[in-house]
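>
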Amino acid sequence: EIIRRIFAHTTTPFTLTIVDNNSDQSYWNKIQALVARRPNVRLIRKKDNLMCGPSSNIALEMGDAEFAIYICAKEGFIAQHGWERTLINAMRENSNAALGGHKAHMPRFVYGHEYQAHPDFNKDRNQNFLDGRLNKSFTHIQGGIFIIRREVVKKHGGFNPLIPHGGMDIELSYYYESLGYELLEIPEIA
3 EIIRRIFAHT TTPFTLTIVD NNSDQSYWNK IQALVARRPN VRLIRKKDNL
53 MCGPSSNIAL EMGDAEFAIY ICAKEGFIAQ HGWERTLINA MRENSNAALG
103 GHKAHMPRFV YGHEYQAHPD FNKDRNQNFL DGRLNKSFTH IQGGIFIIRR
153 EVVKKHGGFN PLIPHGGMDI ELSYYYESLG YELLEIPEIA
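So in my numbering the end of the sequence shown lands on 192, straight run, no missing numbers.
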């Protein structure tokens, strides 16, 4: 349904990149049938489950558009026609935004001193960004659906390979914020 809705409701030119993390053959066959004869689809099948972050990095490396929009196969849902225009326009109006979507926070790790105690913090890039920010509240762009500025990915890298799945959106948000970029709340993303 997610793939069907992308083709039915996206109004700007796009290429859909699907990185399959070793789904069973029956599921893979369904994906292939769904996108057959569509020239704007890239299908990449991995023999192992690389997890979401590394797979997303593969997809990001293959494109050259100004922005990439990530849609989670389990959490993403397109609700209206022309949905992508709101995301693209918001990013174009905010040139310092690296990521745009729904801002959230981790309930037990809101402030810098709490975030520093997160079990995966030792894997985060730019850990010293917390220096002098121990009482700052931190948010992140929730990973179900978001838009990312490709120029930032090319310059600084994408998802952290040390955090391949759970928390990948949190670390990426922290990393880009530590580099001076904005995390853009887009109210239409919930």
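Heads up, the beta-carbon is just placed ideally off N, CA and C, and yes, glycines get one too.
Name the DSSP bridge partner or partners of residue 148?
Your numbering for residue 148 matches position 146 in the sequence shown. Answer is 72, 103, bridged to residue 148.
> Which residue from 152, 116, 170 puts its Cα closest to that of residue 74?
Position 72 of the sequence shown, counted from the start, is the residue given in the question as residue 74. For residue 74, the nearest C-alpha among the options comes from 170.
> What distance in whole Å lies between the Cβ atoms of residue 62 and residue 160, which are believed to be in contact at a cut-off of 8 Å?
The sequence position of residue 160 within the sequence shown is 158, counting from 1. The sequence position of residue 62 within the sequence shown is 60, counting from 1. That pair is a contact at about 5 Å.
> Terminal residues of the continuous beta strand (DSSP E) containing residue 186?
Counting from one through the sequence shown, the residue named residue 186 turns up at place 184. Taken as a continuous stretch (DSSP letters only), the beta strand (DSSP E) holding residue 186 covers 184-187.
> Skipping 5 residues on each side, what residues in its chain have a beta carbon closer than 7 Å to that of residue 89?
Counted from its first residue, the sequence shown places residue 89 at position 87. Contacts found: 71, 102, 149, 188.
> For residue 14, tell me which candidate among 95, 85, 106, 175 has the shortest Cα-Cα distance.
The sequence position of residue 14 within the sequence shown is 12, counting from 1. For the residues 95, 85, 106, 175, the minimum Cα distance to residue 14 belongs to 85.
> On the three-state DSSP scale, how would you describe residue 171?
Along the sequence shown, one-based indexing puts residue 171 at 169. DSSP places residue 171 in helix when its eight states are reduced to three.
> Rounded to the nearest angstrom, how far is the Cβ of residue 82 from that of residue 11, given a contact under 8 Å?
In the sequence shown, residue 82 corresponds to position 80, counting from 1. In the sequence shown, residue 11 corresponds to position 9, counting from 1. The pair is a contact, with the Cβ atoms about 7 Å apart (cut-off 8 Å).
> Can you tell me where the alpha helix (DSSP H) holding residue 112 begins and where it ends?
Counting from 1 along the sequence shown, the entry for residue 112 is found at position 110. No alpha helix (DSSP H) contains residue 112, which DSSP labels as neither H nor E.
> Which partner residues does residue 18 have in the DSSP bridge list?
The count along the sequence shown starts at 1 and reaches residue 18 at position 16. Answer by DSSP bridge pairing, in chain order: 43.
> Would you mind working out which of 55, 7, 22 sits nearest residue 164, comparing C-alpha positions?
For the purposes of this step, residue 164 is taken as residue 162 along the sequence shown, with counting starting at 1. Among 55, 7, 22, the Cα nearest to that of residue 164 belongs to 55.
> Taking the C-alpha atoms as reference points, what is the distance between residue 58 and residue 21?
Mapped onto the sequence shown, residue 58 falls at position 56. Mapped onto the sequence shown, residue 21 falls at position 19. Going from the Cα of residue 58 to the Cα of residue 21 covers about 8 Å.
> I need the DSSP call for residue 143, collapsed to helix, strand or coil.
Translated into the one-based positions of the sequence shown, residue 143 becomes position 141. The answer is strand: DSSP assigns residue 143 an E or B state.
> Suppose the cutoff is 7 Å on Cβ atoms and the five residues either side in sequence are ignored; what does the same chain contact list for residue 106 look like?
In the sequence shown, counting from the first residue as 1, residue 106 sits at position 104. Cβ within range, chain order: 141, 142, 144.
> When the distance is taken between beta carbons, is residue 126 closer than 8 Å to residue 173?
Mapped onto the sequence shown, residue 173 falls at position 171. Mapped onto the sequence shown, residue 126 falls at position 124. In this structure, residue 126 lies closer than 8 Å to residue 173 by Cβ.
> If you draw a straight line from the alpha carbon of residue 44 to that of residue 24, how long is it in whole angstroms?
As a first step, residue 44 is located in the sequence shown; it is residue number 42 there, counting from the start. As a first step, residue 24 is located in the sequence shown; it is residue number 22 there, counting from the start. Taking the straight line from one Cα to the other gives about 16 Å.
> For residue 64, is the classification buried or exposed, using 16 other Cβ atoms within 10 angstroms of its Cβ as the cut-off for buried?
Within the sequence shown, the letter at position 62 stands for residue 64. With fewer than 16 other Cβ atoms within 10 Å, it is exposed.
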